[in-house]
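J.: If you read the protein sequences in the order shown, they are chains A and B. Numbering-wise, the first sequence is residues 5 to 190 according to the working numbering. Numbering-wise, the second sequence is residues 24 to 714 according to the working numbering. Backbone N, C-alpha and C define an ideal beta-carbon position, used for all residues, glycine too.
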Amino acid sequence: MEPNNDVALDIIITNVVAVFRTRCHLNLRTIAREGSNVIYKPEVGKVLMKLRKPRITASIWSSGKIICTGATSEEEAKLGARRLARCLQKLGFKVKFTDYKVVNVLAVCTMPFQIQLIEFTKNNRPIASYEPELHPAASYRIKNLKATVQIFSTGSITVTGPNVQFVATAVEQIYPLLFECKMAAR
Amino acid sequence: MSSRVCKTCGCADIDIDQARGNAVCMGCGSVLEDNIIVSEVTFVENSGGGSSAVGQFVSSDGTGKTPVLGSGFHTSIGKESRTQTLQNGECLISLSLMKTFRKRHINNLGHQLQLNQHCLDTAFNFFKMAVSKHLTRGRKMAHVIAACLYLVCRTEGTPHMLLDLSDLLQVNVYVLGRTFLLLARELCINAPAIDPCLYIPRFAHMLEFGDKNHEVSMTALRLLQRMKRDWMHTGRRPSGLCGAALLVAARMHEFRRTVKEVIGVVKVCEATLRKRLTEFEDTPTSQLTIDEFMKVDLEQECDPPSFTAGQRKLRLQQLEQELAKKIDEVQGEICSYQDEIEMELENSRPKLKGIYASYTKEDTQDDTLSVASGFPGNEDGEDEELVAAAKHLNKDFCRELLSEQDEADSGAESGAESEQPTTSRQPPLASLLGPLPTAASLGLSDSIRQCIAEKEDEENSEHGELDLNGIDDEEIERYILNEKEVKIKTDLWMKQNADYLKEQKEKEERIAKEKELGIYKEQKPKRPPKKREPIRASTAGEAIEKMLEQKKISSKINYDVLRDLNKKGCSPSHQSEEAVTSPTSKRLASRRKRNIAALGLGNQVSNMGKRLKPLISGPTIKKPAGDQGVTSTVPTPTPEVSQPVVVESGPVVYEDVPDEEDDEDEEPCVSAMQLMGGNDYGCDVDDDEGI
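Shown next, in the form of structure tokens:
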């Protein structure tokens, strides 16, 4: 990450969500019986499988669609997804690893200053919205990046976006706006 | 347009008949227009003889119901409306209906919130805009309406909270909030931020301060402004701040308002209120006395509470770090002492020969240095203890390695050997520091391999083959249970979910049966209908009570009186209540309403009804059953006598009754007396109503 104004901001990626398809029907009961670390939810119709090494949780549907959550980086997500597919392969299903896509990335960042939310919302009227009755953070949606930034008055922000690159760009974009409305220096 | 030139023959001679509303071409005779709109007012005679104007009312807002276009469809009115009606016909109708319907809703809600007409009109305008942007599709009408109203409240600055609206609608606040945010965004309406000062007069009024209302409000306002300056209000619910301010203001003016009362008005929880109060306590303003506060405004601004909290954390961290450093130093001293002791011990052991001896001494020194320099880099996440332990263990390892090397051949170069010990030390160091770093290093290598092999991955993904790079098969085998484990797990699961499985089986069986019979329908999940057990009661009174419990029919009925009705009928002459009244009571229970009204012949029916009206609505019967024994007059003259008396004193008119009276004339003429089980009934009532 490039330093902004000679201050290096640590963007910590806390969650990466990815999906992929196995292109084959999966028998959830078999997976539930023969897998360890699985939770079978028959009411919803899915199996939750948790892997230890890249610490991820996967929701497996019988149609073959799998959602992987909990990874801390894109590479980890892919590794975890492939591990999972391998595991299913070993259980006896003819698994194919197709349509892998990172769907959502959640990152957390802390500003070295506090933010005046009301002023921030006023300056960025339609894009930013702040409803203290509902949520203590102001939310700022960047349309072209399809990213949402939630800004708290303490200076910490959470960014969600379709991939890590966009998330980084979003932080870069929003930093100057936040700098304008800072409250007190730490 | 079309009246100028005929389409079929091109003739310009067109005859327009206003009476018939026709436009006919004189050349070819084709009818060009039918049902021409006339601006005359015509009158039509009603059956009653009066005349009324012909036409429909069209509301000024909205399109109203589109007029039904009959045969003159294709030539009338004009192209625009035709396309409109063709394309949006249904849409328009539904929209107009919706609007008229929803306007009522908006007005209802608005009146409940006590909004003035201007606000309601604005809300309706917002609603129309929302409809035109198709924002109402897929959303509950109630939500959209509430969102429009709240938008108006915000723009006007009325002290209405989203919580109030959600209270009225019994909807989750956050759901409403979502709709509201969407609406504000789509309509590009910037709702100004809520100022907690707006809520103060409203809450103050609800807390009932009486005469001092204004003063308390002013004090609370001052407090709020102070809070704002001290940055307590960013990111917080405005109602919470108001609550805290009002509580303090009330106490300042010697009003005892408990926390619970304030919470009930302000709608936040106790914990929040206490937290706000504590935060306020931390500000320097809280140290002022009441008088000082009213006069003086402290210049200095406070830091926000989250900031102070953050500062505290930082300070704690710094303290911890300093402590850690001190521990380090102490440990370092201990280490040096231990080293000295060990050195002594080594010296007492047989010494190494030649070159190696000097290397061991140098290396141990280098070791400590390198370790010490290496560690600060890693220290951020690791325990001090672990580090210290690692140091010691490391030395043990090194000594072991060195002793092994002594046994090895001495042919190697000194440089190589000096490198070897250091390199051989590093892996144990790494392993000592915990399994995590090693896993990370492996993972990294995996990812590096993946990055290099990315091209391969892409090709594979097209084919759908699984790229097995970097996947440890053995590890994955661990994820799969062996047969025994599978059995155990299956049994456990079956036991746990036995109920669910039963249900599923039954469902399937049911479906299968129905399919065979051909009755199978796709059943949507229905709410189970409320089953009512048949009422079993021994006395009329009990029966009435039970039925009343189940069916709450009307709030205008005095149920006590109803219950006493039967008791009165029973007690006077017939003491064997159950025997006589039970058949009648059952009939009573089943045909309660009818019996009240209907009872026999015309006059009697109306009399009973009228007699019962005051009974039903008024207070309990005053004279007890004792009087009934005294009076044993003949019933027939009494109805006529009682009539004028009853009518005068009848307070509430039970409107259903006359209708039922009319209906129930057809019933078999069993007199009320017989049903109620006593001729004396009429007189009892008369006595009471004679009062």
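1) Is L138(B) close to chain A, meaning its C-beta is less than 8 Å from at least one C-beta of that chain?
2) Candidates G68(A), H139(A) and T61(A): which alpha carbon is nearest N41(A)'s?
3) Determine which residues of the segment 116 to 138 of chain A have a Cβ less than 7 Å from any Cβ of chain B, and write them out in chain order.
4) Alpha carbon to alpha carbon, how far is C91(A) from L83(A)?
5) Do C171(B) and L138(B) have their beta-carbon atoms positioned less than 8 Å apart in this structure?
6) Measuring only the C-alpha atoms, how far is E290(B) from V271(B)?
7) Given this structure, state the Cα-to-Cα distance separating V109(A) from R249(B), to the nearest angstrom.
8) What is the rounded straight-line gap between the Cα of C34(B) and the Cα of V64(B)?
9) Are the C-beta atoms of K147(A) and some chain B residue less than 8 Å apart?
10) Look up K30(B) in the DSSP assignment and say whether it is helix, strand or coil.
11) By how many angstroms is the C-alpha of F303(B) removed from the C-alpha of F316(B)?
12) Which word fits M115(A), buried or exposed, when buried means at least 16 other C-beta atoms lie within 10 angstroms of its C-beta?
13) Below 8 Å between beta carbons: does that hold for V198(B) and H237(B)?
14) With 16 other CB atoms within 10 Å as the buried threshold, where does S157(A) fall?
15) Give me the chain A residues within the contact set of N213(B), using Cβ-Cβ distance strictly less than 8 Å, ordered along the chain.
16) What are the boundary residues of the beta strand (DSSP E) that includes D103(A)?
17) Using a Cβ-Cβ distance under 8 Å, would K94(A) count as near chain B?
18) Quick one, which residues of the segment 184 to 200 of chain B are near chain A if we go by CB-CB under 8 Å, in chain order?
19) Show which residues of chain A have a CB atom less than 8 Å away from the CB atom of I217(B).
20) Report the neighbours of Y222(B) on chain A: residues whose CB is nearer than 7 Å to its CB, in chain order.
21) Quick check on the DSSP output: the beta strand (DSSP E) that includes R201(B) runs from which residue to which?
22) Give a yes or no on whether 8 Å exceeds the smallest Cβ distance from R59(A) to chain B.
23) Start and end of the alpha helix (DSSP H) containing E526(B)?
24) Sorted by chain position, which residues of the same chain lie with C-beta nearer than 7 Å to V67(B)'s C-beta, five sequence neighbours on each side aside?
25) So for E56(B), helix, strand or coil by DSSP?
26) For E184(A), go through chain B and note every residue whose CB falls closer than 7 Å to its CB, in chain order.
27) Under DSSP, the beta strand (DSSP E) around C171(B) begins and ends at which residues?
28) Which runs of the alpha helix (DSSP H) at least 4 residues long sit entirely within the segment 282 to 348 of chain B? Give them in chain order.
29) For the candidate residues P46(A), Q93(A) and V175(A), whose alpha-carbon lies nearest to that of R111(A)?
30) Output the distance between the C-alpha atoms of Q519(B) and I35(A), rounded to the nearest integer angstrom.
31) Does the beta carbon of N156(A) sit closer than 8 Å to a beta carbon anywhere in chain B?
32) Roughly how many angstroms lie between the CA atoms of S160(A) and I357(B), to the nearest whole one?
33) Comparing the C-beta of G266(B) with each C-beta of chain A, is any distance below 8 Å?
34) Taking C-beta pairs closer than 9 Å, name the residues in chain A that Y523(B) reaches, listed in chain order.
35) Using 8 Å for Cβ pairs, my map puts P219(B) next to L246(B). What's the rounded Cβ distance?
36) Could you give the distance in angstroms between the alpha-carbon of K156(B) and the alpha-carbon of D187(B)?
T.: To lay it out plainly:
1) For L138(B), the nearest beta carbon of chain A is not closer than 8 Å to its own beta carbon.
2) Out of G68(A), H139(A) and T61(A), T61(A) has the C-alpha closest to the C-alpha of N41(A).
3) Of all residues in the segment 116 to 138 of chain A, Q118, Q120, L121, I122, T125, R129, P130, S133, Y134, E135, P136, E137 and L138 have a Cβ within less than 7 Å of some Cβ in chain B.
4) Answer to the nearest angstrom: the Cα atoms are 12 Å apart.
5) No.
6) It should be pointed out that residue 290(B) corresponds to Lys in this sequence rather than to Glu. Here the C-alpha atom of K290(B) lies approximately 17 Å from the C-alpha atom of V271(B).
7) If you take the alpha carbons of V109(A) and R249(B), they lie about 41 Å apart.
8) Straight-line measurement puts the Cα of V64(B) at about 32 Å from the Cα of C34(B).
9) No - not a single Cβ of chain B is within 8 Å of the one on K147(A).
10) Under the three-state reduction of DSSP, K30(B) is assigned to coil, being neither helix nor strand.
11) The straight-line gap from Cα to Cα measures roughly 13 Å.
12) With 16 or more other Cβ atoms within 10 Å, it is buried.
13) Taking the C-beta atoms as reference points, H237(B) is found no nearer than 8 Å to V198(B).
14) Burial check for S157(A): the Cβ neighbour count within 10 Å reaches 16 or more, so the residue is buried.
15) Within chain A, R129 and P130 have C-beta atoms less than 8 Å from the C-beta of N213(B), given in sequence order.
16) Where D103(A) is concerned, the enclosing beta strand (DSSP E) stretches over T102 to T114.
17) So, interface residue.
18) Interface annotation for the segment 184 to 200 of chain B against chain A: M184, L185, L186, V196, Y197 and G200, criterion Cβ-Cβ distance under 8 Å.
19) Correct list: P136 and E137.
20) Within 7 Å Cβ-Cβ: nothing; Y222(B) doesn't reach chain A, min ~11 Å.
21) From DSSP, R201(B) is part of no beta strand (DSSP E) but of the alpha helix (DSSP H) over V196 to E209.
22) Interface with chain B (8 Å Cβ-Cβ cutoff): R59(A) is excluded.
23) Note, E526(B): alpha helix (DSSP H), A521 to L540.
24) Apart from sequence neighbours up to five positions away, the residues of its chain that approach V67(B) with a beta-carbon distance below 7 Å are S74, S75 and V77, ordered along the chain.
25) Strand at E56(B).
26) Simply none; closest approach about 16 Å.
27) For C171(B), there is no enclosing beta strand (DSSP E); the enclosing alpha helix (DSSP H) covers residues M164 to E179.
28) With a minimum length of 4 residues, the continuous alpha helix (DSSP H) runs that stay inside the segment 282 to 348 of chain B are 282 to 289, 293 to 305 and 313 to 318.
29) One point to set straight first is that residue 111(A) is Ala, not Arg, in the sequence displayed. Out of P46(A), Q93(A) and V175(A), V175(A) has the C-alpha closest to the C-alpha of A111(A).
30) Each residue's alpha carbon lies about 17 Å from the other.
31) Checking the displayed sequence, the identity of residue 156(A) turns out to be Phe instead of Asn. Chain B contact via Cβ: present.
32) Near 42 Å, if we compare the C-alpha coordinates of I357(B) and S160(A).
33) Under the Cβ criterion of 8 Å, G266(B) is not counted among the residues facing chain A.
34) Neighbours of Y523(B) across chain A, judged by C-beta separation under 9 Å: P46 and E47.
35) Contact between P219(B) and L246(B) does not hold, since their C-beta atoms are separated by about 10 Å, which reaches or exceeds 8 Å.
36) Inter-residue distance for K156(B) and D187(B) is about 27 Å (C-alpha atoms, whole angstroms).
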